[in-house]
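Asks: Below is the structure I would like to discuss, written out as structure tokens.
Numbering (this note's numbering), first residue to last: 560 to 1063.
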């Protein structure tokens, strides 16, 4: 049994946990993180894939939350231009929904609350003439178009973990915290890494377990606390490509809810999300038939061509761990984050709620809470620090792509574009000295090669085909079951021969 003393040990490998680990490691602290499954394997890979201010939160007067998120959009765009980019959203005006003047007022605030510099302002569209009107019902004549941003959510998590490790953090995936106790001025934490037991010590324990935050408090740490989490299930469907342009839609429903329809992975359209209370169920959520039908019907109120059950190629669902503010409905429950610091002995910081757009600000706020427990702590630093592969201009992806295609002319155009939008400047590091397609090793399908798979296992904590196809990439949408099984068998064989070095 080996015991290691950390300054901060984080429970949870979602966006908040990895964001805190990266921030703390960059300040010179000795940081550890344990995730019981793969990074981003729960809520953080089941979002609607947006950095956004939360236009609908203005209706609930969440001005501070919206302002912080709006400011943060452009900070994040600059720091990760490979996995995040601007997107325009078309909001058709429907005579039976919110009045035009109210929406325009909200969009005026949306344009001006956050000091927007990169993203273009709201515009008015004539849907009878604009391409955005072609897929919509003829009764829809006018729309507003505003800006938000797309993000590859699970890669965001992984790259925070990669950068945290590069700054000295120890990232432990498939490692469960099974117990933790205060021992004077520190915590003693017991870990189970798929049957391998380990004990560590830490000065500060951070509970960023997402949906399991209350479970960690009550069952793992055995603490008596009244703080609670409200589990809200959000489901999405992915359908065959429903429109040709690259803008997204914001649709209003008769039930006062909203959904998005977003271009997804070139060949598909992503539609979501729902809001349903999950109760205390911590099992992996699934999109129910009723939720899928709701999303189809909702979108079909706007699209000229209805979305049928056979159009659905994939669905996914995530459990949002919202702070329990006793709101009357799941839709109204706050998306703001709450940081609770327990100092009855060695410090324990618990993270409730939050949204993907404000993960970096949440990490800064977490470190502010812990400042008094560390001498000479470095100041905030992440606002101007690119994530791995993101060290190029926010609008520089086309130039980076052209350079990659010039250096590696044998790449298929779709593969080259995907590599830039997945790895940024690291795409060239992955391809290395390759002169031909054969130099990249076996091709598993959809442009995925052995060279890329090895990179993901060696540098990005990937272990299984699911890790690679559904979190490090979304190539699972383009793979057949036979191709997925072959990749899994290849990984098993390589791991058995220890030809892939796993990050530890």
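Backbone N, C-alpha and C fix where the C-beta goes; we use that ideal spot for every residue, glycine too.
Please go through the stretch 776-855 and give each complete beta strand (DSSP E) segment of 3 or more residues, from N-terminal end onward.
Replies: Fully enclosed beta strand (DSSP E) runs of 3 or longer: 788-799, 807-811, 817-823, 827-831 and 835-838.
Asks: Going by Cα to Cα distance, which pick from 701, 746 and 680 is closest to residue 688?
Replies: As a first step, residue 688 is located in the chain shown; it is residue number 129 there, counting from the start. The shortest C-alpha separation from residue 688 is found at 701.
Asks: Taking a contact to mean a Cβ-Cβ separation below 8 angstroms, would you say residue 729 touches residue 739 in this structure?
Replies: What you label residue 729 is simply residue 170 of the chain shown in a count that begins at 1. What you label residue 739 is simply residue 180 of the chain shown in a count that begins at 1. No, Cβ-Cβ distance for residue 729 and residue 739 is not below 8 angstroms.
Asks: Compute the Euclidean distance between the alpha carbons of residue 625 and residue 991, then round it to the nearest angstrom.
Replies: Residue mapping note: residue 625 aligns to position 66 of the chain shown, counting from 1. Residue mapping note: residue 991 aligns to position 432 of the chain shown, counting from 1. Those two C-alpha atoms are separated by around 42 angstroms.
Asks: Check whether the stretch 630-641 and the stretch 667-686 are in contact - that is, three or more C-beta pairs closer than 8 angstroms.
Replies: Taking 8 angstroms as the limit for Cβ pairs, the verdict is that the stretch 667-686 does touch the stretch 630-641.
Asks: So, helix, strand or coil for residue 920, using DSSP?
Replies: The count along the chain shown starts at 1 and reaches residue 920 at position 361. Here residue 920 sits in helix by DSSP.
Asks: Would the stretch 757-773 count as touching the stretch 611-624 if we require 3 or more Cβ pairs under 8 angstroms?
Replies: No, the stretch 757-773 does not touch the stretch 611-624.
Asks: According to the neighbour-count rule (16 or more other Cβ atoms, all chains shown, within 10 Å of its Cβ), is residue 832 buried or exposed?
Replies: As a working mapping, residue 832 is identified with position 273 in the chain shown. Classification for residue 832: buried.
Asks: In three-state terms, what does DSSP make of residue 866?
Replies: Residue mapping note: residue 866 aligns to position 307 of the chain shown, counting from 1. Three-state DSSP puts residue 866 in coil, outside helix and strand.
Asks: How would you write the range of the beta strand (DSSP E) that residue 1119 sits in, first residue to last?
Replies: This structure cannot speak to residue 1119, because the chain is shown only from 560 to 1063.
Asks: For the beta strand (DSSP E) containing residue 647, list its first residue and its last residue.
Replies: As a working note, residue 647 is residue 88 in the chain shown. Start and end: 643-651.
Asks: Taking only runs that begin and end inside the stretch 729-769, name each unbroken beta strand (DSSP E) of 3 or more residues, in chain order.
Replies: Whole beta strand (DSSP E) segments, 3+ residues: 729-731, 735-742, 745-752 and 755-766.
Asks: In its own chain, which residues sit with a C-beta less than 7 angstroms from the C-beta of residue 721, not counting the 5 before and 5 after it?
Replies: In the chain shown, residue 721 corresponds to position 162, counting from 1. Cβ within range, chain order: 947, 1018 and 1019.
Asks: Rank 984, 785, 915 and 694 by C-alpha distance to the C-alpha of residue 576 and give the top, closest one.
Replies: Residue numbering aside, residue 576 sits at position 17 when the chain shown is read from its first letter. Out of 984, 785, 915 and 694, 915 has the C-alpha closest to the C-alpha of residue 576.
Asks: Where does residue 675 fall in DSSP's three states?
Replies: Position 116 of the chain shown holds residue 675. The answer is coil: DSSP assigns residue 675 none of H, G, I, E or B.
Asks: Which partner residues of residue 900 appear in the DSSP bridge assignment?
Replies: For the purposes of this step, residue 900 is taken as the residue at position 341 of the chain shown. In the DSSP output, where bridge partners are listed per residue, residue 900 has 908.
Asks: For the beta strand (DSSP E) holding residue 542, just list the boundary residues, first then last.
Replies: Residue 542 lies beyond the residue range present for the chain, which begins at 560 and ends at 1063; the question has no answer from this structure.
Asks: When you compare the stretch 636-650 with the stretch 705-717, are there three or more beta-carbon pairs, one atom per stretch, that lie closer than 8 angstroms?
Replies: Yes: at least three Cβ pairs fall under 8 angstroms.
Asks: Taking buried to mean at least 16 other C-beta atoms within 10 Å of its own C-beta, is residue 671 buried or exposed?
Replies: Reading the chain shown from its first residue, position 112 is the one you call residue 671. Exposed, because fewer than 16 other Cβ atoms sit within 10 Å of the Cβ of residue 671.
Asks: When we look at the beta-carbon of residue 754 and count the other beta-carbons within 10 Å, is it buried (16 or more) or exposed?
Replies: The residue given as residue 754 occupies position 195 in the chain shown. Its Cβ having fewer than 16 others within 10 Å, residue 754 is exposed.
Asks: Quick one, are the C-beta atoms of residue 983 and residue 589 less than 8 angstroms apart?
Replies: Translated into positions along the chain shown, residue 983 becomes position 424. Translated into positions along the chain shown, residue 589 becomes position 30. No.
Asks: Going by the DSSP bridge assignment, what does residue 1043 pair with across the sheet?
Replies: Position 484 of the chain shown, counted from the start, is the residue given in the question as residue 1043. Paired residues: none, contrary to the question.
Asks: Just to confirm the assignment, what range does the alpha helix (DSSP H) spanning residue 721 have?
Replies: Counting from 1 along the chain shown, the entry for residue 721 is found at position 162. It spans 712-725 - the alpha helix (DSSP H) in which residue 721 sits, taken as one unbroken run.
Asks: With DSSP as the reference, label residue 859 as helix, strand or coil.
Replies: As a first step, residue 859 must be located in the chain shown, where it is residue number 300. Of the three classes helix, strand and coil, the one that applies to residue 859 here is helix, per DSSP.
Asks: What's the gap between the Cα of residue 840 and the Cα of residue 774?
Replies: On the chain shown, position 281 is the one that residue 840 refers to. On the chain shown, position 215 is the one that residue 774 refers to. C-alpha separation (whole angstroms): 11 angstroms.
Asks: How is the beta strand (DSSP E) around residue 1034 delimited, first residue to last?
Replies: Counting from 1 along the chain shown, the entry for residue 1034 is found at position 475. Looking at the DSSP string, residue 1034 is not in any beta strand (DSSP E), and its letter there is neither H nor E.
Asks: For residue 1043, count neighbouring C-beta atoms within 10 Å of its own C-beta (all shown protein chains included) and say buried if the count is 16 or more, exposed if not.
Replies: To locate residue 1043, count along the chain shown from 1; it is residue 484. Per the 10 Å Cβ criterion, buried.
Asks: In or out: residue 583 buried (at least 16 other Cβ within 10 Å) or exposed?
Replies: Position 24 of the chain shown, counting from 1, holds the residue named residue 583. By the neighbour-count rule (16 or more Cβ atoms within 10 Å), residue 583 is buried.
Asks: So residue 1014 is in the alpha helix (DSSP H); what residue range does that whole segment cover?
Replies: Locating residue 1014 in the chain shown gives position 455, counting from the first residue. First-last of the alpha helix (DSSP H) with residue 1014: 1009-1018.
Asks: May I ask you to list the residues that DSSP assigns as paired with residue 708?
Replies: The count along the chain shown starts at 1 and reaches residue 708 at position 149. Residue 708 is bridged to 610 and 645.
Asks: State the Cα-Cα distance for the pair residue 960 and residue 975, rounded to the nearest angstrom.
Replies: In the chain shown, residue 960 corresponds to position 401, counting from 1. In the chain shown, residue 975 corresponds to position 416, counting from 1. Roughly 7 angstroms separates the two Cα atoms.
Asks: For residue 737, is the classification buried or exposed, using 16 other Cβ atoms within 10 angstroms of its Cβ as the cut-off for buried?
Replies: Residue numbering aside, residue 737 sits at position 178 when the chain shown is read from its first letter. Exposed, since its Cβ has fewer than 16 Cβ neighbours within 10 Å.
Asks: Answer yes if the stretch 789-796 comes into contact with the stretch 847-862, meaning at least three C-beta pairs across the two stretches below 8 angstroms, and no otherwise.
Replies: Result yes; three or more Cβ-Cβ pairs closer than 8 angstroms.
Asks: How long is the line joining the alpha carbons of residue 903 and residue 783, rounded to whole angstroms?
Replies: The sequence position of residue 903 within the chain shown is 344, counting from 1. The sequence position of residue 783 within the chain shown is 224, counting from 1. Taking the straight line joining both Cα atoms gives about 12 angstroms.
Asks: If you drop the 5 nearest sequence neighbours on each side, which residues of the same chain put their C-beta closer than 7 angstroms to that of residue 1008?
Replies: By 1-based counting over the chain shown, the position of residue 1008 is 449. So the list reads 999, 1000, 1001 and 1002, once near-sequence residues are dropped.
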